[in-house]
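Number of protein chains: 2
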Amino acid sequence: MVDTASRSTPKTSGKRPATVPPKPARDEVAAPIPAPRADAQPASPRIDVELLGRQLLGTWADIRVAARERAAKPDLQRIEGQPMAEHRERVLGQLKTLVEQGAVHKAFPKELGGEEDHGGNIAAFEELVLADPSLQIKSGVQWGLFGAAVLHLGTEYHHRTFLPDIMSLKVPGAFAMTETGHGSDVAAIGTTATYDEAKQQFVIDTPFRGAWKDYLGNAALHGTAAVVFAQLITKGVNHGVHAFYVPLRNAKGGFLKGIGGEDDGLKGGLNGIDNGRLHFTNVRVPRENLLNRYGSVAEDGTYSSPIASPGRRFFTMLGTLVQGRVSLDGAATSAAAMALTIAITYGNQRRQFNAASDTDEEVLLDYQRHQRRLLPKLATTYAQVFAHDEFLVKFDAVFSGKADTDDDRQDLETIAAALKPLSTWHALETLQEAREACGGAGFLAENRIVGLRQDLDVYVTFEGDNNVLLQLVAKRLLTDFSRQFANADAGAMARYVVSQTAERAYHGTGLRRLAQTIADFGSTRRAVAELRDEETQRELLTDRVEAMIAEIAGRLRDARKLPKADAAAAFNRNQNELIEAARAHAELLQWEAFTRGLAHTTDPGTKQVLTWVRDLFGLGLIEKHLAWYLIHGRLSPQRAQAVTAYIDRLIERLRPHAQDLVDAFGYRPEHLRAQIASGAEQERQDEARAYYAARRAAGTLPVPEKASR
Amino acid sequence: MVDTASRSTPKTSGKRPATVPPKPARDEVAAPIPAPRADAQPASPRIDVELLGRQLLGTWADIRVAARERAAKPDLQRIEGQPMAEHRERVLGQLKTLVEQGAVHKAFPKELGGEEDHGGNIAAFEELVLADPSLQIKSGVQWGLFGAAVLHLGTEYHHRTFLPDIMSLKVPGAFAMTETGHGSDVAAIGTTATYDEAKQQFVIDTPFRGAWKDYLGNAALHGTAAVVFAQLITKGVNHGVHAFYVPLRNAKGGFLKGIGGEDDGLKGGLNGIDNGRLHFTNVRVPRENLLNRYGSVAEDGTYSSPIASPGRRFFTMLGTLVQGRVSLDGAATSAAAMALTIAITYGNQRRQFNAASDTDEEVLLDYQRHQRRLLPKLATTYAQVFAHDEFLVKFDAVFSGKADTDDDRQDLETIAAALKPLSTWHALETLQEAREACGGAGFLAENRIVGLRQDLDVYVTFEGDNNVLLQLVAKRLLTDFSRQFANADAGAMARYVVSQTAERAYHGTGLRRLAQTIADFGSTRRAVAELRDEETQRELLTDRVEAMIAEIAGRLRDARKLPKADAAAAFNRNQNELIEAARAHAELLQWEAFTRGLAHTTDPGTKQVLTWVRDLFGLGLIEKHLAWYLIHGRLSPQRAQAVTAYIDRLIERLRPHAQDLVDAFGYRPEHLRAQIASGAEQERQDEARAYYAARRAAGTLPVPEKASR
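One line per chain: the protein sequences are A and B, in this order.
With full-length UniProt numbering applied, the first sequence corresponds to residues 1 to 709, in that order.
With full-length UniProt numbering applied, the second sequence corresponds to residues 1 to 709, in that order.
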């Protein structure tokens, strides 16, 4: 941490952009501007690191701080290289520690000792990733999935009967939804729960190998019960997927009659969790074990539900389990932030090659390529931090009942399906780039990055495969789009089509582009001024989402009338673009959240630097999709070049602030636990430089052969 | 394998492209073309899988086949999840097995029992990755680095004295080049070897912590000797980095006097190798232990070398060790091919969601997104296979002396620096995409992908950090570029600048683009016809490399005259683009090799499909860099859209051939060792479908609630 008092020097931020010469156009020789030096102090403006750190902690700052204190203790931390069996037992023990510390009951009912604090619960839970992702996920299985299913899908009887032992970990449990044959398509699982009127029991059965429950945490070893998802069948009718509370093992750990299973064995990561498979052969549970908030079966086998539509009922049930996606978005963002803290700290100390001087080697982060590899990822991580806090506020509003309409729930699910894919993929990309940026050192377990990457890997496919989630978002966007015309007569639709065509003619055949080219010609400066304008960025990002969706909707508008197979084929031919449109939407959500967050930043220096970070994020998105903007006539070639030129300039400006920007994440050495980010590299560099300097001064350094001739 | 006899049906390949309607332009509704069905036979044309497989095996096909036989045996294979200590001992034992099998001496001199077969040696060595990447790399350390250094940097005395025990593994050894403080910049290592005339010994010394040797295979446990790279100092002059043969440990495994070290401990992968650190405190070795092919010290301390320039000498010495990069390119390509074989086989069997039918779920690979994720990576892998074989032929020509001029060696090094980064990054991306495409199953160690990815991770930064290697390529391209003008008068340079400016005006301000737009308008068909033309692809790819280099050279042409620091800053401001230019060059090399390989494909059906694969690779590169082509006026927006449309079409055409294309890699179940690619998934799917079909036929399937009303 840098002394914040020293940061109260007069800010020149308002003027600075004007005094930095614009990146020369490509037909001029680059002016030889010396690269920023690592040992230089951050240039004005300056970040108030402590204040910014507080802002990044977000709405549940105090809870996060307390959770980070817990994560800083070795007893909750991962031991790198621990064998799987020991790691699993260790994490089980850590769950007990969490219970003792009263750290995991925030979301449960007050009458059972909880706090009914849904947002705070997730905030605390996410921070466990700092200690060990296996601990985060195994806690999530126990209280966020198994317990939450009883809480949200069960009723008062289930809460009273099952929750206390779940909360206390007396009953570790599995969340038995996924099957070997069905993951993303939960509605099609094969397990059946057939009601037997005579005995008033449900008969849980696994009809074939593909219907084995699979990949379930707590299933291989520790789970003594499970919430099992199965097709509820009564009176010959299949009422769709419902959840049942099913005891699994006896006190000695043996499977109960009719139940069997397998260990999933070693995984790519998260080996502190005992994932496994389960199968059921006519296993009987009492009628009352149906978690019946959204569907009940009377003694005589009559089915009833507060939600008439089976489809809506299914999605409502699944919707109550959205918190997994919320917490993965937060934990993935934390992992990216940790990776960048490690790599940027190391990159600020480690030196290699001496292009600019005969004696001093360059600090890695002074290389443009190194900056290009890490700083845009830092900008994205910042965007995610802001987006995640808004997401969590929304989640809290829905689950606390403050804002819990159908629309609120649907919005929450769409946000979850949009943000979780981007942040989990970003975590993997960032961990990998950080690993590579640290070279061989990054590959050592002692520097933490590889272990985190191994654990986070599965975040991109569990709690909803990322591609499937983005497709959900796209379908929602298509629905919203078509709703604009739902009540309109054919004329309105026709008018829309005409306006689209006109727009295409305007954007698509070069007229607007040509005008832009003429206006821009010779003035990179003017192009840059416009690009750094918030509204320009917003318009470009928004426009892309809308245009992509409108285009696809146009292509699909007659598909509804086709036979099912042909309609599916038409949809399939647009699937890749649909998913890209959903990604564009999610990127826009992140950009908007960042921009709103920026509005709450009060310190002028911090605000200036953060604006550059936001611009780097926004323009980075536009650069990534530059071809689209060019093809669709939204940017002239001249202006498109200015995007990259301005990104180069932003990166140069941000480079001196890189350390402050990662320091503001607030991770301490006990959280990072990376040798190379401990200051050891700075010591090594200082020692080496002192060695050569002393010999140079004493004249005892051997003369290079070349100079000796 | 499919019966190749049945493939002699009349080929319609020549006509097919014309009869498939072009992808409709974006303002038309997509015609409802049913997606290809997984159970359909590959459409005409057909691939002759066996013939193609033979072609993919390349120049050393028989050696590869024999090496794959070895790799198919369990005793050489990795045991997933084996603890590090046991894994290390197992791999050491496997090295002994390889010696017993006579599998690793191909490159050594005939008089010592070798075969002097450099290309065949690498081909065999690469295939070890199928058994265990740790085995590949530990073998590489012993015979490809430690042994090869003695072979290529030593002279007859060293060969006679040291090679037999290295070849027999009596002396396992480390290749002690990298230091904690210097990896990519080998010239700046800190270890010194100071000649003591009185005792006729070299004194090896580690002056500070940053100069500890680090990340060395065989250093933590097994190495009893090392080739140590150090600054050779004699008579007060530093003659630069040279290699010394240094004994490390006594018979009991203890360090010799003055030597110490540390275990690097657990790594992100390759844990069958005992990487570690070494340091030397005034360790004395006889004068003869200098590996003196490129530099000798006489008894009186006089230094001499056949290469006068210290810089050229250094690069010549390092150049002899290029084989590491060659073999990583091959092994990385094999890993990508394995990953795709697993994911595509699984994607052809696994079903999820039933959009197109009321009963049958879709095979994953029938989803457009799934195809988009895997098939372009398959095309790149094919390009790499062809490029790697040419690379290996070049390597063999240089090391066998068949074509061993200075230019040949420089070309070989540039090719190595270009191809190794692309293929090792591609391996990681492909392994990750394959892992995600297999969902949760992909995360299980039993399905192999995660373990391979963990092991291959470090390939992108060892034997030359990928970014540093690409920068080397870029510098070579810049040098070649400026050489065009080296002997020209100022007038030639001036003319060049004028022609560049004229070209920019033509390409850059929309004139050519506008003309293209007018020509293309309404004719996606014409645009596609041109894009699939080989020469068009070649021109687009070549043009980009040349234009990027010319542009950067133009910006840097006055930098030479600047003071060192300013010149370095100017270079640094172009570093990112330089590296991108090098990547473009490497992509072009791959595309050209693929195209040459295609010319040798004789079977018409195979040739047709392979042409589509090559087109997918080439157009995929153009799509990736579409913004550049648009900005620089090489493609009109209309034509740019046709690139994506044609890629969509190519992918649709290739989809039925996907299985054949991965089968042609020729991996057997013993090589893949992935449960999900074993046919188990097909059995599960068949069982589940039979279950439902039987109940549907018998009328005993419970009625869905919706239908029951």
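Ideal Cβ placement from N, Cα and C applies to all residues, glycine included.
Q: Under 9 Å between beta-carbons, which chain B residues line up against A:R209? List them in chain order, please.
A: Within chain B, the residues placing a beta-carbon under 9 Å from that of A:R209 are A680, E683, R684, E687, A688, ordered along the chain.
Q. Can you give the Cα-Cα distance for A:A38 and B:G181, rounded to whole angstroms?
A. Per-residue confidence for A:A38 stands at a pLDDT of 45, beneath the threshold of 50, marking its modelled position as unreliable; no derived number is given.
Q: With a cut-off of 8 Å on the beta carbons, I'd call B:A332 and B:S423 a contact; round off their distance for me.
A: Sure, about 4 Å apart at Cβ, within 8 Å.
(Q) So that I know if they touch, is there some Cβ in chain B lying closer than 8 Å to that of A:N348? (A) Using a CB distance cut-off of 8 Å, A:N348 does not count as an interface residue toward chain B.
**Q.** B:I676 (DSSP reduced to helix, strand or coil)
**A.** Looking at B:I676 - three-state DSSP - the assignment turns out to be helix.
**Q.** Assigned secondary structure, B:Y303 (DSSP; H/G/I helix, E/B strand, else coil)
**A.** In the structure shown, B:Y303 sits in a strand (DSSP, three-state: E or B).
Q: Count the other C-beta atoms from every protein chain shown that fall within 10 angstroms of the C-beta of A:N250, then say buried if there are 16 or more, exposed otherwise.
A: Exposed, by the Cβ-count rule.
Q) In chain B, which residues lie with their C-beta within 8 Å of the C-beta of A:S134? A) Neighbours of A:S134 in chain B, taken as residues whose beta carbon is under 8 Å from its own, are absent, since the nearest beta carbon is some 13 Å off.
Q: Could you check if B:S304 is buried or exposed, using at least 16 other CB atoms within 10 Å of its CB as the buried criterion?
A: B:S304 is exposed by the Cβ-count criterion.
Q: Compare the beta carbon distance of A:G269 and A:G144 with 8 Å and say whether it is the shorter of the two.
A: In this structure, A:G144 does not lie closer than 8 Å to A:G269 by Cβ.
Q) Counting contacts by CB-CB distance shorter than 8 Å, is B:I307 in contact with chain A? A) Chain A has no Cβ within less than 8 Å of the Cβ of B:I307.
Q) What residue does the alpha helix (DSSP H) around B:R311 start on, and which one ends it? A) Per the sequence presented here, residue 311 of chain B reads as Gly, with Arg not at that position. Per DSSP, B:G311 is one residue of the alpha helix (DSSP H) stretching across 310 to 319.
Q | Inside the UniProt domain "Acyl-CoA oxidase/dehydrogenase middle" (174 to 283) of chain A only - beta strand (DSSP E) runs reaching at least 3 residues | A | If you keep only unbroken beta strand (DSSP E) runs of at least 3 residues inside the UniProt domain "Acyl-CoA oxidase/dehydrogenase middle" (174 to 283) of chain A, you get 192 to 196, 201 to 205, 213 to 216, 225 to 234, 237 to 247, 259 to 263, 276 to 280.
Q | Supposed contact pair A:A343 and A:L374 - C-beta distance, whole angstroms, cut 8 Å | A | Cβ atoms of A:L374 and A:A343 come within 8 Å of each other, at about 6 Å.
Q: On a CA-only basis, which of B:T479, B:E534, B:K475 is nearest B:I579? Give me that one, please.
A: Comparing Cα-Cα distances from B:I579 to each of B:T479, B:E534, B:K475, the minimum goes to B:K475.
Q) Comparing the CB of B:E69 with every heavy atom of the ligand FAD, is any distance shorter than 7 Å? A) Summarising the ligand content, the structure contains no ligands, and the ligand FAD is consequently not present.
Q. Within 10 angstroms of its Cβ, does A:G147 collect 16 or more other Cβ (buried), or is it exposed?
A. A:G147 comes out buried.
Q) Anyone know if the C-beta pair for B:V609 and B:S334 falls short of 8 Å? A) No.
Q: Compare the C-beta of A:Y459 with all C-beta atoms of chain B and state if any pair is closer than 8 Å.
A: No, A:Y459 lies away from the interface with chain B (no Cβ there is under 8 Å from its Cβ).
(Q) Report the CB separation of A:F391 from A:D329 in whole angstroms; it is logged as a contact under 8 Å. (A) With 8 Å as the limit, A:F391 and A:D329 qualify as a contact, their Cβ atoms being about 6 Å apart.
Q.
A:K235 and A:G301 - do their beta-carbons sit closer together than 8 Å?
A. Closer than 8 Å, so yes.
Q. Using the beta-carbon of each residue, which ones in chain B are nearer than 8 Å to A:V237?
A. Going along chain B in sequence order, the residues near A:V237 (Cβ under 8 Å) are P702, V703, P704, E705, S708.
Q | Nearest-angstrom Cα separation, counted from B:G140 out to B:D465 | A | B:D465 and B:G140 have their C-alpha atoms spaced approximately 17 Å apart.
Q) Any Cβ of chain A within less than 8 Å of the Cβ of B:Y646? A) So no, B:Y646 is outside the interface.
Q) Would you call the segment 200 to 210 of chain B and the segment 275 to 287 of chain B in contact, with 3 or more CB pairs under 8 Å? A) At 8 Å Cβ cutoff, the stretches touch.
Q) Looking at A:A124 and A:K106, is the spacing between their C-beta atoms short of 8 Å? A) At a Cβ-Cβ threshold of 8 Å, A:K106 and A:A124 count as neighbours.
Q: Check the Cβ of A:V450 against every Cβ in chain B and list those closer than 8 Å, keeping chain order.
A: Within chain B, the residues near A:V450 are K267, G268, G269, Q454, D457.
Q | Entirely enclosed alpha helix (DSSP H) segments - the segment 48 to 86 of chain A, minimum 4 residues | A | You should have 49 to 57, 61 to 71.
Q.
Is it buried or exposed, B:A515, if we count other Cβ atoms within 10 angstroms and call 16 or more buried?
A. Bear in mind that a pLDDT of 47 at B:A515, under 50, signals an unreliable position, so the number given afterwards is only what the model happens to contain. Within a 10 Å sphere around the beta-carbon of B:A515 sit fewer than 16 other beta-carbons, which makes this residue exposed.
Q. Do you know how far the Cα of B:E587 is from the Cα of B:F594?
A. Linking B:F594 to B:E587 through their CA atoms gives a straight-line distance of about 11 Å.
Q. Any C-beta of chain B sitting closer than 8 Å to the C-beta of A:T380?
A. In terms of beta-carbon proximity, A:T380 stays away from the interface with chain B, with every pair separated by 8 Å or more.
Q. Which stretch, first to last residue, makes up the alpha helix (DSSP H) that contains A:F125?
A. Counting along the chain, the alpha helix (DSSP H) containing A:F125 begins and ends at 118 to 127.
Q. Tell me which same chain residues have a C-beta within less than 6 Å of the C-beta of B:D457, skipping the five on either side of it?
A. Hits under 6 Å: G268, G269.
Q) Pick from B:T320, B:K257, B:G223, B:L163: whose alpha carbon is nearest that of B:H242? A) Comparing alpha-carbon positions, the option among B:T320, B:K257, B:G223, B:L163 lying closest to B:H242 turns out to be B:T320.
Q. What number of angstroms, rounded off, separates the C-alpha of A:L221 from the C-alpha of A:A599?
A. Cα atoms of A:L221 and A:A599: separation of roughly 50 Å, rounded to the nearest angstrom.
Q | Where B:V703 sits in the DSSP three-state scheme | A | In this structure, B:V703 counts as strand in the three-state DSSP scheme.
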